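Following: one structure in structure tokens, then a few remarks.
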């Protein structure tokens with residue numbers, strides 16, 4: 073045991089998740105935590121995002137091997153649509169004053185960036201009861217993994233469009249959705265324009 077080690081702040085803040093871990097008596101628990109637990113919340117969030125991207129890309133790559141290249145886009149699109157639908161249902165259930173409509177779509181998209189897409193930022197250009205226009209900027213983790221796995225040419229970009237469609241359809245909105253790629257660079261930095269009316 074190394075009593076001089078200070079445990080990472082992230083570990084202390086998240087200790088409730090780790091309270092049931094059991095180490096062998098001869099193990100240096102503090103050293104293992106110090107060596108392997110993410111030291112900052114930024115590092116923790118980035119690692120979780122990287123794992124999410126790797127899971128997404130790995131599943132698509134395997135689907136392509138097992139069922140053919142067309143399965144890659146089909147699986148991505150249906151998965152993203154379902155994810156948007158499930159996130160909407162959860163938000164409508166936990167936020168009773170969130171009423172189905174275009175402003176609620178904006179809130180759900182902002183919430184998705186907050187909780188699930190740390191590499192993205194958003195820039196609202198217009199928001200009212202009849203229209204959303206916003207830019208999504210940052211690094212597209214899905215593009216990054218798709219490039220690494222050499223499947224990016226088999227996907228329609230941005231892959232988040234079906235997610236947004238799932239949000240709208242789950243709310244029962246009959247709207248026109250347009251998601252355009254303004255920039256998508258080799259380093260996966262991107263700017264996507266979302267218009268909903």
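In our numbering, the protein residues as written are 73 to 269.
The C-beta atom is built at its ideal place from N, Cα and C for all residues, glycine as well.
In this text the structure is predicted, and so the values were computed from the model without any measurement.
* Got a sec? Which residues, its chain only, sit under 7 Å from residue 172 by beta carbon, not counting five neighbours each side? -> Take residue 172, set aside five residues on each side of it, and the residues of its chain with a beta-carbon closer than 7 Å to its own are 243, 244 and 245, in chain order.
* Does DSSP put residue 140 in a helix, in a strand, or in coil? -> Residue 140 carries a coil assignment under DSSP once its states are collapsed to helix, strand and coil.
* For residue 139, is the classification buried or exposed, using 16 other Cβ atoms within 10 angstroms of its Cβ as the cut-off for buried? -> Exposed.
* Note the first and the last residue of the continuous beta strand (DSSP E) segment covering residue 263. => Where residue 263 is concerned, the enclosing beta strand (DSSP E) starts and stops at 261-268.
* To do: Answer yes if the stretch 205-221 comes into contact with the stretch 229-241, meaning at least three C-beta pairs across the two stretches below 8 Å, and no otherwise.
  => Contact holds between the stretch 229-241 and the stretch 205-221, because three or more Cβ pairs, one in each stretch, are under 8 Å apart.
* **Identity of the residue in 168, 159 and 200 nearest residue 181 by Cα** => Ranked by Cα distance from residue 181, the first of 168, 159 and 200 is 159.
* Who are residue 125's beta bridge partners in DSSP? -> According to DSSP, residue pairing for residue 125 in a beta bridge does not occur.
* Asked: Quick one: is residue 89 buried, meaning 16 or more other Cβ sit within 10 Å of its Cβ, or exposed?
  -> So residue 89 counts as exposed.
* Asked: Would you call the stretch 144-161 and the stretch 197-207 in contact, with 3 or more CB pairs under 8 Å?
  -> For the pair of segments examined, the stretch 144-161 was found not to touch the stretch 197-207: the number of CB pairs separated by less than 8 Å stays below three.
* Asked: Which term fits residue 85, buried or exposed, when burial requires 16 or more other beta carbons within 10 angstroms of its beta carbon?
  -> That one is exposed.
* Smallest Cα separation from residue 268: which of 207, 98, 125 and 100? -> Of 207, 98, 125 and 100, the smallest CA-CA separation from residue 268 is found for 207.
* **When 129, 194, 186 and 101 are compared against residue 151, the one with the closest alpha-carbon** => Closest by alpha carbon: 129.
* Would you mind working out which of 94, 221, 257 and 82 sits nearest residue 132, comparing C-alpha positions? => Closest option to residue 132, Cα to Cα, is 221.
* To do: Name the two residues that bound the continuous alpha helix (DSSP H) containing residue 188.
  => Run containing residue 188: 174-188, per the alpha helix (DSSP H) assignment.
* From 185, 148 and 202, pick the residue whose C-alpha is nearest to that of residue 223; which is it? -> Of the listed residues, the one whose Cα sits closest to residue 223 is 148.
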